[in-house]
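Under this note's numbering, residues 7 to 249 are what the sequence shown spells out, in order.
Glycine included, each C-beta is placed from N, C-alpha and C at the ideal position.
Reading through the structure tokens given below for one structure.
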Amino acid sequence: MRPIISALLFLVMFPGMAQAQCLPFNGESMQFSVGWEFVKAGTADMSIASDDAGYRITSRGTSNSFLDVFHKVRDTIISAGDCREDKLQSTLFDVVQNEGKYHSTKRVDFLWRENRVTHTQSGTTDSYDVPAGHLNAIDAFFTVRKMKLEPGMQIRIPIFDSRKQYEVVVDVLKREKMFAPWGETVDVLVIIPRLKTEGIFSSMGTVKLWLTDDARHIPLKMTAKVKIGRIVADLEQYTPVSR
Numbered sequence: 007m008r009p010i011i012s013a014l015l016f017l018v019m020f021p022g023m024a025q026a027q028c029l030p031f032n033g034e035s036m037q038f039s040v041g042w043e044f045v046k047a048g049t050a051d052m053s054i055a056s057d058d059a060g061y062r063i064t065s066r067g068t069s070n071s072f073l074d075v076f077h078k079v080r081d082t083i084i085s086a087g088d089c090r091e092d093k094l095q096s097t098l099f100d101v102v103q104n105e106g107k108y109h110s111t112k113r114v115d116f117l118w119r120e121n122r123v124t125h126t127q128s129g130t131t132d133s134y135d136v137p138a139g140h141l142n143a144i145d146a147f148f149t150v151r152k153m154k155l156e157p158g159m160q161i162r163i164p165i166f167d168s169r170k171q172y173e174v175v176v177d178v179l180k181r182e183k184m185f186a187p188w189g190e191t192v193d194v195l196v197i198i199p200r201l202k203t204e205g206i207f208s209s210m211g212t213v214k215l216w217l218t219d220d221a222r223h224i225p226l227k228m229t230a231k232v233k234i235g236r237i238v239a240d241l242e243q244y245t246p247v248s249r
């Protein structure tokens, strides 16, 4: 149960000029219901804001009161970055996991001007040679949201995740229709991201996401196979971009 809520965190200040260039989602917030098959486990929320340096994406995972009795989850992930022209450049990936008796903190600093990344965990910092342009997993997701997507596309994005650098492959499968929480049926695109590394996604099998087929590509649903059954996250509340 430990990775369930945190693995589904993909999760308002007035917009700065640089932020508007590379991340057109300032002020957006989303709340998801997260469950195992038909059993609700908790919630995950995500909010996007600009700051002096660029952008900041904050995600939180919280187990519900029933699950708290057996396995309390309070996770926070902060992803931050700069704008390099119209592209995202990760600068920070900070993870705090409090899940039952398991507690962990991890900080990844993307020192892109030095073509270097540092990874700090359990009081130990390691340095890796990583070229500028590599992203963390959450920033890679937002990069996909910015793109014009069509079924049959395959997208490759360079990322650094769990002490490894590689290209995450995202397949755009097909179009479907889905009911949105704001009360209408909308066209959606089904995508599959293929992560190679362990970490907050370590217990996941195939992950699928349903994104609205418009310029916003809002994630309405996510599923992930686990050893027994399937984890499902459904969008329950959505606050649009600040204008």
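- In the DSSP assignment, I165 forms a beta bridge with L141, Y172.
- For H109, the enclosing beta strand (DSSP E) stretches over residues 108-117.
- Shown here for D135: same chain residues with a beta carbon closer than 7 angstroms to its own, the five before and five after excluded, namely N121, R122 in chain order.
- Counting C-beta pairs closer than 8 angstroms gives three or more between the stretch 58-72 and the stretch 27-45, which meets the contact rule.
- Within its own chain, the residues whose Cβ lies closer than 6 angstroms to the Cβ of K227, once the five positions on either side in sequence are excluded, are W216, D240, listed in chain order.
- A direct Cα-to-Cα measurement between R119 and Q171 gives close to 17 angstroms.
- Taking 8 angstroms as the cut-off, the Cβ atoms of L94 and L141 count as close.
- In the same chain as V178, and ignoring 5 residues on each side of it, the C-beta atoms closer than 7 angstroms to its own belong to L155, E156, P157, G158, M159, L195, I197, in chain order.
- Only residues of its own chain outside the window of five on either side were considered, and among them S39, N70 have a CB closer than 7 angstroms to the CB of K46, listed in chain order.
- The beta carbons of V79 and G41 sit no closer together than 8 angstroms.
- Bounds of the alpha helix (DSSP H) holding S71 are 71-77.
- Close CB contacts of R113 within its chain, under the 6 angstroms cut and outside five residues either way in sequence, are with D100, T126 (chain order).
- Assigned with DSSP and collapsed to three states, K233 falls in coil, not helix or strand.
- With a 10 Å radius around the Cβ and a threshold of 16 neighbouring Cβ atoms, S85 comes out buried.
- Listed in chain order, the non-local C-beta contacts of R151 below 6 angstroms within the same chain comprise H223, local neighbours out to five positions each way being set aside.
- The C-beta distance from V192 to M184 rounds to 6 angstroms, short enough to fall under 8 angstroms.
- By the CB criterion at 8 angstroms, E43 and H77 fall outside the cutoff.
- Beta-bridge analysis with DSSP links C89 to L94.
- L201 sits close to D167, with the two beta carbons spaced by under 8 angstroms.
- Taking every protein chain shown into account, the CB of P225 has 16 or more other CB atoms within 10 angstroms, so this residue is buried.
- In this structure, S96 places its C-beta atom within 8 angstroms of the C-beta atom of F116.
- I161 is positioned such that its CB atom lies no closer than 8 angstroms to that of A143.
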